[in-house]
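First residue of the sequence shown? That's 660 in our numbering, and the numbers climb one at a time after it. Where is the CB? At the ideal position from N, CA and C, for every residue including glycine. Take a look at the structure below.
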Amino acid sequence: MSLASKRPGNTLAETYARDGVVHLPGALDSGALADALAAWEWSVAHPGPLASNIRQATEATFYQDLYNPECLTGYRAMLEASPVPAICAELWGDPAVWFMYEQVFLKEGGEARRTPWHQDSSYLAVDGSHLAVAWITFDACSKEDSLEFVKGSHHGRLYNGSRFDLDDDTAPTNPTSSLPRLPDIEATRGQWDIVAWAVEPGDLIVFHPKVLHGGAPTHPGGRRRTLTLRFFGTDAVYDPREGGAGPRVKDFHDRMQAGDPFRHPSFLKLG
Numbered sequence: 660m661s662l663a664s665k666r667p668g669n670t671l672a673e674t675y676a677r678d679g680v681v682h683l684p685g686a687l688d689s690g691a692l693a694d695a696l697a698a699w700e701w702s703v704a705h706p707g708p709l710a711s712n713i714r715q716a717t718e719a720t721f722y723q724d725l726y727n728p729e730c731l732t733g734y735r736a737m738l739e740a741s742p743v744p745a746i747c748a749e750l751w752g753d754p755a756v757w758f759m760y761e762q763v764f765l766k767e768g769g770e771a772r773r774t775p776w777h778q779d780s781s782y783l784a785v786d787g788s789h790l791a792v793a794w795i796t797f798d799a800c801s802k803e804d805s806l807e808f809v810k811g812s813h814h815g816r817l818y819n820g821s822r823f824d825l826d827d828d829t830a831p832t833n834p835t836s837s838l839p840r841l842p843d844i845e846a847t848r849g850q851w852d853i854v855a856w857a858v859e860p861g862d863l864i865v866f867h868p869k870v871l872h873g874g875a876p877t878h879p880g881g882r883r884r885t886l887t888l889r890f891f892g893t894d895a896v897y898d899p900r901e902g903g904a905g906p907r908v909k910d911f912h913d914r915m916q917a918g919d920p921f922r923h924p925s926f927l928k929l930g
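Structural data, given as structure tokens:
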């Protein structure tokens, strides 16, 4: 898939570098989408040690799982056949791509809370421009109900993570960290360059993990099943966070120093 050919004169690679996020309608054909859904279903059927239900103010379900140590059992074939690694490689202009980890989400059964504004990089000990989160939905979402991003925010400061507190979305994950507290973006939306898209199954959104992003709530009778796949490339380096950070890979952090190439035998090389 050539990204340059989809947007002549303004390649998606340039947009990704500038904005930190791109929307690719119909990037996954029916086979690739079915493979991704099968991987999502494998995760739901085989919860890992970090599977959890995020606390709600209602009876709605907000389920997530990530870093399943057996992930490649259910994901390897899908990843090796998927167009997504090649898309990431073209976005950052380098053929080397490694898979870092998966994260699955399920919101259903009522009005599930909004996903607070945050940056994935706050929770990950990695830095670089060759980083990407591929967001795949299996349910259509209107623009108002989709994932939202602050354009270009990956060029700015890194904030403390949100601990998804029901009473305060900006409550920090690590209160003793020197990282600044998240701003209350939802309360000051007009001050931020926020972008979102209506999405259909088969669409792909790819964003840099340092981009500020958050998700709308689901509504009674609605359901949102999403899969995120995290990838890195050649220039990714180890960047430890105060208070600890992922990825949750055995012995990984013990062998790494700040600035080391971000590598481990458990990361599947795809390009």
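Could you check the C-alpha separation between residue i and residue j for me, to the nearest Å?
i           : j           : result
residue 868 : residue 761 : 13 Å
residue 777 : residue 821 : 6 Å
residue 888 : residue 794 : 7 Å
residue 857 : residue 806 : 9 Å
residue 676 : residue 718 : 40 Å
residue 799 : residue 912 : 38 Å
residue 917 : residue 730 : 27 Å
residue 925 : residue 878 : 38 Å
residue 919 : residue 896 : 5 Å
residue 900 : residue 686 : 34 Å
residue 674 : residue 748 : 14 Å
residue 906 : residue 849 : 34 Å
With H, G and I counted as helix, E and B as strand and the rest as coil, what does DSSP make of residue i?
i           : result
residue 699 : helix
residue 793 : strand
residue 778 : coil
residue 647 : For residue 647 there is no data in the structure shown, the boundaries of the chain being 660 and 930.
residue 746 : helix
residue 725 : strand
residue 804 : helix
residue 872 : strand
residue 705 : coil
residue 850 : helix
Among the options, which has the Cα closest to the Cα of residue i?
i           : options            : result
residue 767 : 896, 746, 796, 881 : 881
residue 909 : 929, 825, 745, 726 : 726
residue 870 : 721, 752, 783, 689 : 783
residue 898 : 702, 781, 849, 694 : 781
residue 860 : 885, 892, 866, 902 : 885
residue 902 : 701, 831, 808, 710 : 831
residue 904 : 755, 779, 812, 680 : 779
Assuming residue i contacts residue j (C-beta within less than 8 Å), just tell me the rounded distance between them.
i           : j           : result
residue 716 : residue 773 : Between residue 773 and residue 716 the Cβ distance is about 11 Å, and since that is not below 8 Å, they are no contact.
For the ligand MN, I want to know if residue i counts as a neighbour, meaning its beta carbon is within less than 7 Å of at least one of the ligand's heavy atoms.
i           : result
residue 865 : No copy of the ligand MN occurs in the structure displayed, which carries no ligand at all.
**Prompt:** Do the region 704 to 722 and the region 737 to 744 make contact, defined as three or more Cβ pairs closer than 8 Å?
**Reply:** no
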